[in-house]
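Those sequence lines, one after another, are chains A and B.
If you count the first sequence from 1, position 198 lands on 1128 in the numbering used here, and the numbers rise without skipping.
If you count the second sequence from 1, position 51 lands on 41 in the numbering used here, and the numbers rise without skipping.
Every residue, glycine too, gets a C-beta built ideally from N, C-alpha and C.
Bear in mind the structure is a predicted one, so any value in this text is a computation, not a measurement.
Let me begin by presenting the structure, written as structure tokens, before commenting on it.
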Amino acid sequence: MNHVRDALPDFRNLGVVARILVIVNLAALLAAAIKAPRFAQLADAFVDIALVVEPVLIATLCALWAANRWLAGRPYWVGVAVIAVGVMWLTAGAQWLRASVDSEALGILRAGSFALLLTAFLAGYFHLRNRAFSPALAEARLQALQARIRPHFLFNTLNAVLSLIRKDPKRAEHALEDLADLYRMVMADAADLTTLGREIELARQYLNLEQLRLGDRLAVEWRIEDAPRDALVPPLLLQPLVENAVYHGIEPGAAPGTIEIAIRREKDRLHVKLTNPYHPEHQHRQGNRIALANIRERLQLHFDVEAELATEVSGPNFEIRMAMPYRKAASHPAPDSRAAA
Amino acid sequence: MTAPPPLRIFLVDDERPARDRMREVLGDLAGELPNVVVGEAATGYEGLTLLPQLPVDVALVDIHMPEMNGMEFARHLAALERPPAVVFVTAHDQYAIEAFELNALDYLLKPVRGPRLAAALTKARAGGAVRREPLERAAAAAGQGPRRYLSVSERGRIHLVPVADIVYLKAELKYVTVRTAEREYLLEESLASLEEEFGGTFVRVHRSCLVARGRVRGFERVVDEDGEGAGWAVLLDGVADRLPVSRRQWSIVKALASG
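This is how it looks when you write it as structure tokens:
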């Protein structure tokens, strides 16, 4: 099987919609430029073409928005064919309506073929874009794997578990189970996107282990009553941030510190906020920026322009805010929702 | 048959489970290598108040600790009249490990194994007290940055002077005088090495004097010590002393007041 999965773009993504709008309008302008004999008539020619193109474009985008999930569930070539044929008929229909007075078969045919060509071009464009970004995504995930879970954490945790084995074997058992779960997630050939619920669980297990060795020095406050656990998020979104929060926010301080994790949904946006104590003298350590850059990159690859990540030092605290579109996971995953890699 | 006296050990680690584990491994070793844990501390600061009052042969010191890391702790320990031997302990710190190897300092990796610990303790007993020079080299090699305190040994105790509290450092015959707003301390270090380590915090105003950059309040014209012509003296926050500025340093120091 191919390493890059052929897939239609997400038609509900702002970046995808914007790209379609720009490309189609540029094509219309180009057609107008070819049609207009003189520069002064360019505007007229464009309006002439726009009368057909714009309604079709808007109708198509609406249809794609509505059919997004249905299309994602079909094989790639079926999806492309459905869209191409649909757009061709729509354009031909629009041309026929507009020109019904002096209905001319050639004009309708020309408009239809033009639409077909443009659709094919767009399909090719998104196809190439997908090919170009899929390796980047795989690589970003690999980097995440390497950057995450510091050896520092592993060896200190193993040491803490060793200290429990004689005194409190039950707790040692639970700790090793948590550690096993954590590493299973880390090494899993993860799906494209995972659910927020699983990410929260992973971060929780990680924090349990940190609590084992840091004891009272680490306090965790979860504000996730309104978190939609079925939201789709990139895997390993929370844990690296939580690990950073412990490493940069809790370990450098002799006094106890609190990590606050707040997740909520606001209409169709998912907001994540992570707060930890800030130790300016400890910032020369590199890890933080690498993990943040990696998460920013993966958010961008998954959600394009619709994801945001911002950091801020506010008073004694360091804050990370993320926002991304809220997408509900299907209750039973579609057959092709797993990455082929 | 005379058994050697048990080795007296002091533990410094910010994580309680790590200290507990070390006690367990030491307990397991007691048969072959008699030892006793005489004390433990969760921070370097706490360790420096407790340890000098105890008879300690070997300190087992974690490197990664809040506020004062293990290497700075060991450097302050070296100011004691009879410092113990030091064995470092770390979970994973590639830079520190390389620095230790280069400077022949002993270290253990967490989780610590009994036989390895026994070997390190035997070596430490034979090798003796921790010395300042290899520690300084190792700290520099590991990119540890400047210390946060200077340590002054007074009547068998270690007094820590926060670097942020120091107004100026002045070289005397054998010592360096450390001046804070409250009092003076005598330090057995060279002004040149202090300038190298704390160059970002202090500026040289004279052959024998470094002042804290942030404490410079202004300048005053004074008559030169040798009576020939006039020179400048620097006025400092927190102390009444006026320190002469040498002609060579004047152009550098002058910029601080305008900046």
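The beta carbon of A131/B is closer than 8 Å to those of Y85, E88, A89, L92, N93 in its chain, skipping five residues each way along the sequence.
Going by DSSP, T80/B is part of the beta strand (DSSP E) stretching over 75 to 80. For K244/B, the closest Cβ of chain A is not nearer than 7 Å. At a Cβ-Cβ threshold of 7 Å, L1123/A and L1171/A do not count as neighbours. Note that the region 1226 to 1238 of chain A does not touch the region 1169 to 1184 of chain A; fewer than 3 beta-carbon pairs, one per stretch, sit closer than 8 Å.
Within chain B, A81, K100, P101 have C-beta atoms less than 9 Å from the C-beta of L1088/A, given in sequence order. Non-local C-beta neighbours of A937/A in its own chain, meaning closer than 7 Å and more than five positions away in sequence, comprise Y1006, N1060, ordered along the chain.
The three-state secondary structure of V1010/A, taken from DSSP, is helix. Here L1001/A is buried, its C-beta having at least 16 other C-beta atoms within 10 Å.
Per DSSP, the beta bridge partners of R211/B are W222/B. Taking C-alpha positions only, R1143/A is separated from A1102/A by approximately 12 Å.
With respect to chain A, the C-beta atom of P56/B has a partner C-beta closer than 7 Å. Taken atom to atom, the span from the alpha-carbon of Q239/B to that of I1220/A is near 42 Å.
Beyond the five residues adjoining it in sequence on each side, P(-6)/B comes within less than 8 Å, by CB distance, of P24 in the same chain, given in chain order. The beta-bridge partner set that DSSP reports for T170/B consists of I156/B. Contacts with chain B (Cβ-Cβ distance below 8 Å) from the region 1089 to 1109 of chain A involve N1089, A1090, L1092, S1093, L1094, R1096, K1097, listed in chain order. Residue pairing for G1187/A: DSSP places it in a beta bridge opposite L1148/A. Interface criterion not met: the Cβ of T191/B is under 7 Å from no Cβ in chain A. At a cut-off of 7 Å, the C-beta of P1210/A has no neighbouring C-beta in chain B. Residue pairing from DSSP places L176/B in a beta bridge opposite T167/B. Interface criterion not met: the Cβ of P1246/A is under 7 Å from no Cβ in chain B.
At a Cβ-Cβ threshold of 7 Å, G29/B and L40/B count as neighbours.
F1085/A reaches chain B at A81, H82, L99, K100, P101, counting residues in chain order whose Cβ is nearer than 8 Å.
Between E5/B and chain A, the shortest Cβ-Cβ separation is below 7 Å. Not a single CB atom of chain A sits nearer than 7 Å to the CB of A64/B.
In the structure shown, D52/B falls within a strand segment according to DSSP collapsed to helix, strand and coil.
Beta-bridge annotation (DSSP): K1203/A is paired with A1192/A, R1251/A. Interface annotation, R11/B: in contact with chain A, CB-CB separation under 7 Å. Note: G29/B is bridge-paired with F0/B in the DSSP secondary-structure output. If you compare the alpha carbons of A119/B, V166/B, G189/B, W222/B with that of P45/B, the shortest gap goes to A119/B.
Annotation: D940/A to A1090/A spans about 46 Å, alpha carbon to alpha carbon. About 10 Å separates the CB atoms of A963/A and L956/A; that is not less than 8 Å, and the two are not in contact.
CA-CA distance, V26/B to D18/B, rounds to 12 Å. Linking E1155/A to W1026/A through their CA atoms gives a straight-line distance of about 55 Å. Interface with chain B (7 Å Cβ-Cβ cutoff): G1003/A is excluded. The region 1187 to 1200 of chain A makes contact with the region 1124 to 1135 of chain A, as at least three CB pairs between them are under 8 Å.
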